[in-house]
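Single-structure report; data block below.
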Amino acid sequence: MKQLLLLAGCVVVLTGFLGCQNDKKVNGTKTDGDKQFPEFLVGVWTSDQFNWVFKFERDGSISKFQHTMGMKMNVAEGGLYEEGTEDSSGVYVLGPCEADYDPQTRQLKVMIILEHFRMELPMGVVEGSSKDYFSGPVSEDGKFWRAKWLNYGTIEGADPPDPNLIEANPVPLIFTPLEIPKAEAR
């Protein structure tokens, strides 16, 4: 167990140096300080199912998110090690993550990539990777984002996912902004 903790610590430290390869894109171009995400998108957005949460910053980057696997990740750290109950733990290595908004079409696209994860559970070890893509229009009033979610998750030792099946059956999600009282937002 100590070796696993040491290995996990090294992974988190290394990925912290590498970080999430976030290009901070808005409408397909890198932000340069002059371009900013629309004010109505800045903040925390939660999905109606599967527990996805994204925190969008003014520059269009994603600073934090909660993955459907349950972990909450600070993007700047580039990875995460979690200890659970009953001899369970998880190591997650973050890859590229991006948000892209097109004001002409009101389309918001998000990409979250877990380069690798390893979960040690009482019943065994699960390793794999995950690529999650979300895209769809933001409502005219900015009160919800109707996204289609595509998940290309792989588990080591299992057959790879069929991209045709995934793309033919996107999961519909509705994201809404989380209202945070100003005193708590500080």
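The sequence shown finishes on residue 1663 if you use the numbering used here, and the numbering steps up by one all the way, no holes.
Yeah, the Cβ is synthetic: ideal placement off N, Cα and C, and Gly gets one too.
Limits of the beta strand (DSSP E) - the one that residue i falls within
{"i": "Leu1655", "result": "Element bounds for Leu1655: n/a, residue is neither H nor E."}
{"i": "Leu1557", "result": "Gly1556 to Glu1560"}
{"i": "Thr1631", "result": "Trp1622 to Ile1632"}
{"i": "Ala1576", "result": "Ser1566 to Asp1579"}
{"i": "Gln1543", "result": "Ile1539 to Gln1543"}
{"i": "Val1603", "result": "Gly1601 to Pro1614"}
{"i": "Asn1551", "result": "Lys1549 to Asn1551"}
{"i": "Trp1529", "result": "Counting along the chain, Trp1529 falls outside any beta strand (DSSP E), and DSSP gives it neither H nor E."}
{"i": "Val1587", "result": "Gln1584 to Leu1598"}
Proximity below 7 Å, CB of residue i to CB of residue j
{"i": "Tyr1569", "j": "Phe1531", "result": "no"}
{"i": "Pro1654", "j": "Trp1529", "result": "no"}
{"i": "Leu1598", "j": "Ser1565", "result": "yes"}
{"i": "Ala1576", "j": "Ile1539", "result": "yes"}
For residue i, the first and last residue of its enclosing alpha helix (DSSP H)
{"i": "Pro1640", "result": "Pro1640 to Ala1645"}
Contacts around residue i, its chain only, beta-carbon distance under 8 Å, and the 5 residues preceding and following it disregarded
{"i": "Lys1448", "result": "For the chain, the structure presents residues 1478 to 1663; residue 1448 sits outside this window and is missing."}
{"i": "Ile1643", "result": "Leu1627, Asn1628 and Tyr1629"}
{"i": "Phe1542", "result": "Trp1529, Val1530, Phe1531, Lys1532, Lys1549, Met1550, Val1552, Cys1574 and Ile1589"}
Own chain partners of residue i with C-beta closer than 6 Å, once the 5 adjacent residues on each side are dropped
{"i": "Ile1589", "result": "Cys1574 and Asp1609"}
{"i": "Met1596", "result": "Gly1567 and Val1603"}
{"i": "Gly1505", "result": "Low confidence applies to Gly1505: its pLDDT is 34, below 50, so where it sits in the model is not reliable enough to give any reading."}
{"i": "Lys1586", "result": "Asp1577 and Ser1612"}
Nearest residue (CA-CA) to residue i, options the options
{"i": "Thr1582", "options": "Met1548, Glu1604 and Trp1622", "result": "Trp1622"}
{"i": "Glu1516", "options": "Leu1598, Asp1618 and Tyr1558", "result": "Asp1618"}
{"i": "Asn1551", "options": "Leu1571, Gly1634 and Ala1645", "result": "Leu1571"}
{"i": "Gly1665", "options": "Tyr1558, Ile1539, Gly1537 and Ala1553", "result": "An answer regarding residue 1665 cannot be provided, because it is not within the stretch 1478 to 1663 covered by the chain."}
{"i": "Glu1534", "options": "Thr1545, Glu1633 and Leu1518", "result": "Leu1518"}
{"i": "Asp1525", "options": "Thr1545, Asp1639 and Val1603", "result": "Thr1545"}
{"i": "Gly1605", "options": "Gly1520, Pro1637, Gln1584 and Val1587", "result": "Pro1637"}
{"i": "Gln1584", "options": "Glu1656, Phe1527, Ser1616 and Asn1641", "result": "Ser1616"}
{"i": "Pro1640", "options": "Met1600, Glu1560 and Ser1607", "result": "Ser1607"}
{"i": "Thr1562", "options": "Met1600, Ala1635 and Glu1656", "result": "Met1600"}
Contacting residues, own chain, Cβ-Cβ under 7 Å from residue i (five flanking each side not counted)
{"i": "Phe1652", "result": "Trp1522, Thr1523, Ser1524, Phe1621, Trp1622 and Ala1624"}
{"i": "Glu1560", "result": "Ser1566"}
{"i": "Glu1656", "result": "none"}
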